[in-house]
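Quick mapping for you: the protein sequence lines, in order, are chains Y and Z. The first sequence begins at 0 in numbering that gives the first Met the number 0 and counts up one residue at a time. The second sequence begins at 0 in numbering that gives the first Met the number 0 and counts up one residue at a time. Even for Gly, the Cβ is constructed at its ideal location relative to N, Cα and C. Scroll down for the structure; my scribbles are underneath it.
Protein chains: 2
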Amino acid sequence: MIPNWLLQRAYLTPNRIALSFGDEQWTFQQLKEEAISIASKLRSIDLQEGDRIALLGASSPEMVFMIHGCLVAGLEIVMLNNRLTTEEIAWQLTDSEAKVWIIADEFQNLTAQNENAFMTFSMIQTLPIKESHFTEYWEPSRTITIMYTSGTTGFPKGVRQTADNHTSSALSSVLNLGLDENDCWLCTMPLFHISGFSILVRSVLYGMEVRLYEKFDAQSIAEEICRGTVTRISVVATGLQRILSEMEKVDSVADPMFRTVLAGGGPIPNDYLERSTLRQLPVLQTYGMTETSSQTATLSAEDALRKSGSAGKPLFFNRIKIADGKRAGEIGEVLVAGPHVTPGYIGHASSKSSLVDGWLQTGDLGYIDDEGYLYIVDRRSDLIISGGENIYPAEIENILASHPRVLEAGVCGQEDKEWGSVPVAFVVVDTDLSAEELDEFCRHRLASYKVPKRFYFVKQLPRNASNKLLRRTLKTWLDSDEK
Amino acid sequence: MIPNWLLQRAYLTPNRIALSFGDEQWTFQQLKEEAISIASKLRSIDLQEGDRIALLGASSPEMVFMIHGCLVAGLEIVMLNNRLTTEEIAWQLTDSEAKVWIIADEFQNLTAQNENAFMTFSMIQTLPIKESHFTEYWEPSRTITIMYTSGTTGFPKGVRQTADNHTSSALSSVLNLGLDENDCWLCTMPLFHISGFSILVRSVLYGMEVRLYEKFDAQSIAEEICRGTVTRISVVATGLQRILSEMEKVDSVADPMFRTVLAGGGPIPNDYLERSTLRQLPVLQTYGMTETSSQTATLSAEDALRKSGSAGKPLFFNRIKIADGKRAGEIGEVLVAGPHVTPGYIGHASSKSSLVDGWLQTGDLGYIDDEGYLYIVDRRSDLIISGGENIYPAEIENILASHPRVLEAGVCGQEDKEWGSVPVAFVVVDTDLSAEELDEFCRHRLASYKVPKRFYFVKQLPRNASNKLLRRTLKTWLDSDEK
Chain Y
0 MIPNWLLQRA YLTPNRIALS FGDEQWTFQQ LKEEAISIAS KLRSIDLQEG DRIALLGASS
60 PEMVFMIHGC LVAGLEIVML NNRLTTEEIA WQLTDSEAKV WIIADEFQNL TAQNENAFMT
120 FSMIQTLPIK ESHFTEYWEP SRTITIMYTS GTTGFPKGVR QTADNHTSSA LSSVLNLGLD
180 ENDCWLCTMP LFHISGFSIL VRSVLYGMEV RLYEKFDAQS IAEEICRGTV TRISVVATGL
240 QRILSEMEKV DSVADPMFRT VLAGGGPIPN DYLERSTLRQ LPVLQTYGMT ETSSQTATLS
300 AEDALRKSGS AGKPLFFNRI KIADGKRAGE IGEVLVAGPH VTPGYIGHAS SKSSLVDGWL
360 QTGDLGYIDD EGYLYIVDRR SDLIISGGEN IYPAEIENIL ASHPRVLEAG VCGQEDKEWG
420 SVPVAFVVVD TDLSAEELDE FCRHRLASYK VPKRFYFVKQ LPRNASNKLL RRTLKTWLDS
480 DEK
Chain Z
0 MIPNWLLQRA YLTPNRIALS FGDEQWTFQQ LKEEAISIAS KLRSIDLQEG DRIALLGASS
60 PEMVFMIHGC LVAGLEIVML NNRLTTEEIA WQLTDSEAKV WIIADEFQNL TAQNENAFMT
120 FSMIQTLPIK ESHFTEYWEP SRTITIMYTS GTTGFPKGVR QTADNHTSSA LSSVLNLGLD
180 ENDCWLCTMP LFHISGFSIL VRSVLYGMEV RLYEKFDAQS IAEEICRGTV TRISVVATGL
240 QRILSEMEKV DSVADPMFRT VLAGGGPIPN DYLERSTLRQ LPVLQTYGMT ETSSQTATLS
300 AEDALRKSGS AGKPLFFNRI KIADGKRAGE IGEVLVAGPH VTPGYIGHAS SKSSLVDGWL
360 QTGDLGYIDD EGYLYIVDRR SDLIISGGEN IYPAEIENIL ASHPRVLEAG VCGQEDKEWG
420 SVPVAFVVVD TDLSAEELDE FCRHRLASYK VPKRFYFVKQ LPRNASNKLL RRTLKTWLDS
480 DEK
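If you want it as structure tokens, here you go:
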């Protein structure tokens, strides 16, 4: 049994700071009171333990209260990406069968062309309080969150993350990173991503402050790191780069109390690591995904340069191996096991098993060196990682192919200085069609970060004998004149 | 599944220091090599996974190697108290049905009048190595250790401590105490007690150095605390007192790197706490027992004086309540639940359930105050805690009653400046019998710390209507003239 996180934490350390945002802060006791108030109001509209709701909002204290309110109430939360289009949201709402869609007031426009039942944060605040008893202990296998991630087919799958998944992840992490009573984790990662949500989980398990940012403010973040008002931060490569630039501008270094930059969402360029060393910024590269409730492996700061490019070793309770019994140095599919791995999906993908013989098949290619360090050499299913967001080519290709004048389309990632990678599209059309028209078409149907940054019109797409699209050949076209 | 602790730890951080003893030290890789060597030799005498052995030794590096060797080999270890008499040991060996009794060479004399099969450490070192594969992952429910603890009946019961019990205990503790990569835990507690053994478990889970002492050397310990060469220590009250005296002698204070004195095995006098504050020694009082694989509740250092006498709040994954739905401040039996609680006993007590409705009935009386802090007001079953060792009056009474000229006997604890408490006996005899004769009789049958320090000859013992011995009345006799 796992304690209802916030209830137990508020009992143990009621007066510690749980959350800060700008000049405001809340203790665990205050956070609990906010959460219980929301949970009691949700009971008044008959949301009972185990019911599923969908939640959409920005990184605000109200969003954190709402998340904890739903958790205390024992609801399963579908965490919706607030950058999705109304069409994409509608799809996930339908697939998840969420009983109610809870949405932050500032996103209410997203409900306009949507037929799903919704309630804004302020509508919930006006509900009557229904005095309720909230379960103090959870079954480890109960679903806490559901996060959608696209797969090779282009249809997003709702990944279940259980109480045990989240808890194990936080515990494995603490054995690797350590824990100090003065720790404070700066959160600029989206809360609807596992990278951000897992910070909230660590907060309640560790009794640790979360310093929440609504937006990525590089200058302000750099200042906090140098003052030591925060001790940990999670970033993607582009975020690290922007923080470094700010520190370099004023020639500052990290405060000695600052302990960890947890850098995920794709590889970190060597140049950033060297610049981090100069700024006394300990960068730990990590490898994780939605299906593993955050980190599976993490490279320690002392190994950052010696093992540059590596995602490190698994956290204590996790296991990693390369498929087909590959030996040290041989490349194969990366397989993952451990208490942090999802038991499976919901909705249309619910019958799909997430595991084969107990192992999660990541689709990523990698190898383990002779010292046991993991290297990822190619991302799963031609995945494009753009500023930490996962983009699956198939999803964009499906949209493009639905245009009446597009015969076929292929998407791949193109290197980008700011975002690491951006999607670009190769299209075969039957009549004249402009890039502007295609862009416009996509913007209505895809979150803006998924809209191809460039459209290349070609006569045909590279396919293999069984007619499978060769996306890697598309990549080589980017470097040649064939496009 | 839980990783085979040492194998996983040596994979993750092979070069960190695992153990030091005097001027010697071993990395996790070296510790693993010692353990694998022993495990491979044990396989040669057909000790297979799940087999049960008994282990007796002092706090030496060889003992740590042997413990880890048995753990790597997947054996269940009966941890024998090396202060027991040959009779007590024989009883536990028989009850546990241990396949082999492994004993440190310096204790070989204990095997003289014992018919159980044994092997000394040096005999094991001469065994041939049998190349073996060791299971890398354990079922959480598998038994790791068995520790005997006496109960109300006076017959010691072998308590099972599973992989999950030990692991949960270490994880709960880290959420409370924090963890730093420079942490080093000084171990002077016996390794056959959960207080000492749990330090070894934390070491492999945390990747933390254990600084092992064979004996309690107060001066040397005080010096290490003041130099900051260790950061944590577990003590009982009498140990804390001796450390404080050493620090006071030279008017020293703890190094700022030193973080925790974990003080268990009974209440800590207020005077010690005040003296600790002066020495900048953060003392955390804790409440635990063999059945809970170390700490159930721990009082934080900042609450040490404000909540003096309290055992604090439960660790994150644990639960405590007072029986019969007692409200804040009302005294009742302390009940404990959580992943750290034993699933039960072995041997003669194996059919006894350790839990009632999922709760361990500690037998201790206590209350929880209105802020949720636990106070123990009376120890279970008239338990006598003497220098951290648990002594059950019934066990001594059984021995005394077996003397042909003793009609009946009652034992209780008497306050003692050095040990906290010592056992004293009230006996009714049919003819003249001297205290010396009784002392001699006990010494052959009981570990010396259990031998009553004083014998009072009385006409009859205090009993209630149903003839139950009233040990608490004995205690009042100690303060009066009735004895």
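N- and C-terminal bounds of the beta strand (DSSP E) containing residue i
i	result
Z:V99	99 to 102
Y:V158	156 to 161
Z:Q28	From DSSP, Z:Q28 is part of no beta strand (DSSP E) but of the alpha helix (DSSP H) over 27 to 43.
Z:E394	Run containing Z:E394: none in the beta strand (DSSP E); it sits in the alpha helix (DSSP H), 392 to 400.
Y:M118	117 to 119
Y:I128	Looking at the DSSP string, Y:I128 is not in any beta strand (DSSP E), and its letter there is neither H nor E.
Y:A322	Segment: none, Y:A322 is in no beta strand (DSSP E) and carries neither H nor E.
Residue i versus residue j - alpha carbon distance
i	j	result
Z:S447	Z:R82	7 Å
Y:G73	Y:R51	9 Å
Z:N181	Z:E223	14 Å
Y:S433	Y:F440	11 Å
Y:I143	Z:E114	56 Å
Z:V260	Z:E48	36 Å
Y:F425	Y:W418	20 Å
Z:S307	Y:V252	43 Å
Y:I319	Y:G287	11 Å
Y:I145	Y:G157	6 Å
Y:V457	Y:H443	24 Å
Y:L354	Y:D163	17 Å
Y:I102	Y:E245	34 Å
Z:I88	Z:H347	15 Å
Z:V77	Z:T12	29 Å
Y:W100	Y:W4	23 Å
beta-carbon residue i near the ligand SAM non-hydrogen atom, thresh 6 Å
i	result
Z:L283	Questions concerning the ligand SAM fall outside what the structure shown contains, since it holds no ligand whatsoever.
Residue i burial status per 10 Å Cβ neighbour count (16 or more: buried)
i	result
Y:Q91	buried
Y:N80	buried
Z:K31	buried
Z:L277	exposed
Z:I128	exposed
Y:G21	exposed
Y:R305	exposed
Z:T161	buried
Y:S275	buried
Y:A38	buried
Z:R42	buried
Z:V249	exposed
Y:Q459	exposed
Y:A67	The amino acid at residue 67 of chain Y is misidentified as Ala; the sequence shows His. Its Cβ being crowded by 16 or more others within 10 Å, Y:H67 is buried.
Proximal residues to residue i (C-beta, below 6 Å), its chain only, five neighbours per side dropped
i	result
Y:L406	V427, D429
Z:V229	C183, L185, R210, E223
Y:P60	F20
Y:T85	L109, Q112, N113
Z:E33	F64
Same chain, Cβ closer than 7 Å to residue i, neighbours up to 5 away in sequence not counted
i	result
Y:A300	P281, V282, L283
Y:S420	I383, I384, S385, G412, Q413, E414
Y:D381	P392, C411, R470
Alpha helix (DSSP H) segment containing residue i, residue limits
i	result
Z:V200	193 to 205
Y:Y271	269 to 277
Z:F64	60 to 71
Z:S352	Element bounds for Z:S352: n/a, residue is neither H nor E.
Same chain, Cβ closer than 8 Å to residue i, neighbours up to 5 away in sequence not counted
i	result
Z:A217	G238, R241, I242, S244, E245
- Taking 8 Å as the threshold, find out whether the region 294 to 301 of chain Z comes into contact with the region 350 to 358 of chain Z through three or more Cβ pairs. With the cut-off at 8 Å, the region 294 to 301 of chain Z and the region 350 to 358 of chain Z do not touch.
- Task: Examine the Cβ distances between the region 131 to 148 of chain Z and the region 60 to 76 of chain Z and report whether three or more of them are shorter than 8 Å.
- Result: Inter-segment contact for the region 131 to 148 of chain Z and the region 60 to 76 of chain Z is present: three or more beta-carbon pairs are separated by less than 8 Å.
- Three CB pairs or more closer than 8 Å across the region 363 to 379 of chain Z and the region 197 to 209 of chain Z: By the criterion of at least three beta-carbon pairs nearer than 8 Å, the region 363 to 379 of chain Z is not in contact with the region 197 to 209 of chain Z.
- Message: Check whether the region 334 to 342 of chain Z and the region 183 to 198 of chain Z are in contact - that is, three or more C-beta pairs closer than 8 Å.
- Response: Result no; under three Cβ-Cβ pairs closer than 8 Å.
- For the 8 Å Cβ check, are there 3 or more pairs between the region 161 to 171 of chain Z and the region 264 to 277 of chain Z? Verdict: no, contact absent.
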